[in-house]
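Colleague: Numbering (our numbering), first residue to last: 8 to 728.
The beta-carbon is built from N, C-alpha and C at its ideal position, and this holds for glycine as well.
Would you mind keeping the following structure in view while I ask a few things?
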């Protein structure tokens, strides 16, 4: 019905036309115009004067509507009740973003929007399930029909209907990470690439670059030159592998996770009638964590919202920290420019942290120039100031963290309410060791326990075999690092070596290379060279130097070609080398490792109850979580922010956003610590400057840094700055 006809009905109704009143009532119901439904019903009732009136009791739904509006603060309520058109919601940390988004969906349903016309995009299926569960509690029974889920989930749902249009079977399969790495490896073998002169990257490493190129809609060559410069001379063969990978998975009727997005985009582009049908269907598009969307996801949002333009994106520019995964900060920053007439809302009332913690976080993020202006506030009572804790070295920092945790626990703080955060996983090694020594149970969100990681075990295996040449397990581990040597060949080699009292001497003198296939001989020769260096008696008193020799060997090339996060693993090994430098003999170092590795951080000691443990996590892994007590450790310049993170303004500002995320995880107590020196491979202590994010606060004029933090001096001779 046209608006003019609708207005005519309204005039006739007000003039007393009973039939017009009935038609107006029916049309208002169809439109979902609840105020007009009520008005038409009242007018219709007046036309029926003399009829017996019956007053209905307020329904549970009506009570819920009033209840949920009362549960929202003024800023949240403005978002929930906003009209049509593009909406940008800048939701500060701890400001009730999920609640606001949930109630917005419920409000749309109550206005009469059909659930299948609502598209709710989230970054985890857990978040989608939680939101739909909450919506269902508010508007009983409607939430299950919403198009809700992750981008990949929605893409999969659309492609299940229309994949044949792109040449895929309706029953196309989905590849997991292992499938992807395997198929990439098959493609390398198919092309018969010569990897003898230079290590060729493994399938998982190639896919890392390929996936980033897909999600950022950039050429593969550009991504490799930016993220994988060591493979710059292999661009053409890598491109050939990726082209074959695309063809092979298509021939097998398979898609990987990236295909669920890229083929969704292809479908709408190559079959515009399908894209238009979905754009017409999705009357309202809502996107959670919009600051984490990449270029491809941003395009998909635009394609789905292009008809009605009722798109609401929710996120926090100050928490955009995933550029290494391809997230595009420009999506949220430029949203108002891309959507003319966009209304910007801000959620600035924080329900998580004390005023002292928020003051520090606000002061820090103001140093970023590219951001939406906002300041978090809270009605929580005042608490302790964030503590700034300079420490003599990494060992003292770890000791402070462990002893403060015990002290807090003795005052009644549950271990579950404590987290230790850091920029990179390797920075947790000393803390893990110290927690073990104090029998404090912990769990890791940032990966395996330090000494359980494959690359740490590889390096330690080299040292153990040199220290004890009868160690068959260590020999087997390191020999299998050579390309072309598997379990069976490793066993044959050991059968030959194990006959002798000193297998290491035999390994150096015998011609075992004759037993090896050609592809294994180069790696075997390099391993022999490395073992000869490690077997130098003059280095037995310098275990830190021995670890450094392994880092500088062919093993680093192995890491680069085998693992997606090779640089992080090299950082782990550098930390292991510095730790080893504390010991004056290889035997003493290996003995300490044996004791440490034999302790499980999840075993419960006197420090906690059976289900209690503290959390150790990188800041990236901690986003979206919160704890009453948070330690942010290793805040030295080059550690946080990283040296690479200071290469340009954009990188530095993302590092500062990461620092902001770290601080805003804390509810009640926040401890910021950094070492004044760090040990190198030779055992020397090198002076460290505190993080840029600490020193810049010293120069803040309003408020002053001593109003923001309280300095805790561990030793009398340790100065604050």
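Report yes if the C-beta distance between residue 641 and residue 460 is below 7 Å; otherwise report no.
Modeller: Numbered from 1 along the chain shown, position 634 holds the residue referred to as residue 641. Numbered from 1 along the chain shown, position 453 holds the residue referred to as residue 460. For residue 641 and residue 460, no; Cβs fall outside 7 Å.
Colleague: Between the Cα of residue 109 and the Cα atoms of 701, 321, 451, 579, which residue gives the shortest distance?
Modeller: As a first step, residue 109 is located in the chain shown; it is residue number 102 there, counting from the start. Minimum Cα distance to residue 109 is reached at 321.
Colleague: Using only alpha-carbon positions, find the residue among 427, 463, 688, 334 that is nearest to residue 621.
Modeller: Here residue 621 refers to the residue found at position 614 when the chain shown is read from its first residue. The option with the nearest alpha carbon to residue 621 is 427.
Colleague: Measuring CB atoms only, is the stretch 348–367 touching the stretch 395–409, in the sense that at least three cross pairs come out at less than 8 Å?
Modeller: Contact between the stretch 348–367 and the stretch 395–409 is absent, because fewer than three Cβ pairs lie under 8 Å.
Colleague: Give the range of the alpha helix (DSSP H) segment to which residue 675 is assigned.
Modeller: If you number the chain shown from 1, residue 675 lands on position 668. Taken as a continuous stretch (DSSP letters only), residue 675 belongs to no alpha helix (DSSP H), being part of the beta strand (DSSP E) at 673–682.
Colleague: Between which two residues does the alpha helix (DSSP H) harbouring residue 216 extend?
Modeller: Residue mapping note: residue 216 aligns to position 209 of the chain shown, counting from 1. 210–223 is the span of the alpha helix (DSSP H), which, as asked, contains residue 216.
Colleague: Among residues of its own chain, excluding the 5 on either side of residue 643, which ones have a beta-carbon nearer than 8 Å to its beta-carbon?
Modeller: Mapped onto the chain shown, residue 643 falls at position 636. Once the five neighbours on either side are set aside, the close Cβ partners of residue 643 are 681, 682, 685, 695, 696, 697, 698.
Colleague: Between residue 389 and the rest of its own chain, which residues show a CB-CB distance below 6 Å, the 5 nearest in sequence each way excluded?
Modeller: Within the chain shown, residue 389 is the residue found at index 382, counting from 1. Closer than 6 Å at Cβ, skipping near neighbours: 362.
Colleague: Can you tell me where the alpha helix (DSSP H) holding residue 739 begins and where it ends?
Modeller: The displayed coordinates of the chain run from 8 to 728. Any statement about residue 739 would go beyond what the structure contains.
Colleague: Reducing DSSP to helix, strand and coil, say where residue 289 ends up.
Modeller: Position 282 of the chain shown, counting from 1, holds the residue named residue 289. Of the three classes helix, strand and coil, the one that applies to residue 289 here is coil, per DSSP.
Colleague: Going by beta carbon distance, what residues of the same chain come within less than 8 Å of residue 181, once the five residues before and after it are set aside?
Modeller: As a working note, residue 181 is residue 174 in the chain shown. Closer than 8 Å at the Cβ level, and outside the excluded window around residue 181, lie 163, 261, 262, 263, 264, 267.
Colleague: Have a look at 142, 156, 274 and flag the residue whose alpha-carbon is nearest the alpha-carbon of residue 133.
Modeller: In the chain shown, residue 133 corresponds to position 126, counting from 1. Taking only the C-alpha atoms, the option nearest residue 133 is 156.
Colleague: Output the distance between the C-alpha atoms of residue 229 and residue 194, rounded to the nearest integer angstrom.
Modeller: Here residue 229 is taken as the residue at index 222 of the chain shown, counted from 1. Here residue 194 is taken as the residue at index 187 of the chain shown, counted from 1. Using only the alpha carbons, I get a separation of about 22 Å.
Colleague: Give the secondary structure of residue 374 by DSSP, where H, G and I count as helix, E and B as strand, and everything else as coil.
Modeller: Taking the chain shown and counting its residues from 1, the one referred to as residue 374 is at position 367. DSSP places residue 374 in coil when its eight states are reduced to three.
Colleague: Please confirm whether residue 646 and residue 587 have their CB atoms less than 7 Å apart.
Modeller: For the purposes of this step, residue 646 is taken as the residue at position 639 of the chain shown. For the purposes of this step, residue 587 is taken as the residue at position 580 of the chain shown. No, the Cβ-Cβ distance between residue 646 and residue 587 is not below 7 Å.
Colleague: Starting from the Cα of residue 555, find the closest Cα among 150, 583, 175 and give me that residue.
Modeller: Sequence index remark: in the chain shown, residue 555 carries index 548 (1-based). Among 150, 583, 175, the Cα nearest to that of residue 555 is on 583.
Colleague: Going by Cα to Cα distance, which pick from 218, 524, 85, 98 is closest to residue 571?
Modeller: To locate residue 571, count along the chain shown from 1; it is residue 564. For the residues 218, 524, 85, 98, the minimum Cα distance to residue 571 belongs to 218.
Colleague: Should residue 244 and residue 568 be called a contact, given that it needs their Cβ atoms to be closer than 7 Å?
Modeller: The residue labelled residue 244 in the question sits at position 237 within the chain shown. The residue labelled residue 568 in the question sits at position 561 within the chain shown. No. Outside cutoff.
Colleague: Between 328, 95, 563, which has its C-alpha nearest residue 578's C-alpha?
Modeller: Indexing the chain shown from 1 puts residue 578 at position 571. Among 328, 95, 563, the Cα nearest to that of residue 578 is on 563.
Colleague: Let me confirm a value: residue 723 is counted as buried when at least 16 other C-beta atoms fall within 10 Å, else exposed. Which label applies?
Modeller: Here the question's residue 723 lines up with position 716 in the chain shown. Bear in mind that the predicted position of residue 723 carries a pLDDT of just 47, short of 50, making it unreliable; the figure below should be weighed with that in mind. It counts as exposed.
Colleague: Under a three-way DSSP split, which group does residue 462 fall into?
Modeller: Stepping through the chain shown from its first residue, residue 462 is reached at position 455. Here residue 462 sits in helix by DSSP.
Colleague: Do you know how far the Cα of residue 99 is from the Cα of residue 671?
Modeller: Start at 1 with the first residue of the chain shown, and residue 671 comes out as number 664. Start at 1 with the first residue of the chain shown, and residue 99 comes out as number 92. Distance between the alpha carbons of residue 671 and residue 99: 10 Å.
Colleague: Between the stretch 107–122 and the stretch 329–339, are three or more C-beta pairs nearer than 8 Å?
Modeller: Too few Cβ pairs lie closer than 8 Å, so no.
Colleague: If contacts are defined as beta-carbon pairs under 8 Å, then residue 468 and residue 485 qualify, I think. What distance do you get, rounded to the angstrom?
Modeller: If you number the chain shown from 1, residue 468 lands on position 461. If you number the chain shown from 1, residue 485 lands on position 478. With a Cβ gap of about 5 Å, residue 468 and residue 485 count as contacting.
Colleague: Give the secondary structure of residue 645 by DSSP, where H, G and I count as helix, E and B as strand, and everything else as coil.
Modeller: Reading the chain shown from its first residue, position 638 is the one you call residue 645. Here residue 645 sits in strand by DSSP.
Colleague: Do the CB positions of residue 113 and residue 142 come within less than 7 Å of each other?
Modeller: Within the chain shown, numbered from 1, the residue matching residue 113 stands at position 106. Within the chain shown, numbered from 1, the residue matching residue 142 stands at position 135. A contact, by the Cβ cut-off of 7 Å.
Colleague: Would you mind working out which of 310, 206, 417, 395 sits nearest residue 279, comparing C-alpha positions?
Modeller: Within the chain shown, residue 279 is the residue found at index 272, counting from 1. The shortest C-alpha separation from residue 279 is found at 310.
Colleague: Going by the DSSP bridge assignment, what does residue 717 pair with across the sheet?
Modeller: Taking the chain shown and counting its residues from 1, the one referred to as residue 717 is at position 710. BP columns for residue 717 point to 394.
Colleague: Would you kindly work out how many angstroms separate the C-alpha atoms of residue 437 and residue 658, rounded to a whole number?
Modeller: What you label residue 437 is simply residue 430 of the chain shown in a count that begins at 1. What you label residue 658 is simply residue 651 of the chain shown in a count that begins at 1. Their Cα atoms are separated by approximately 27 Å.
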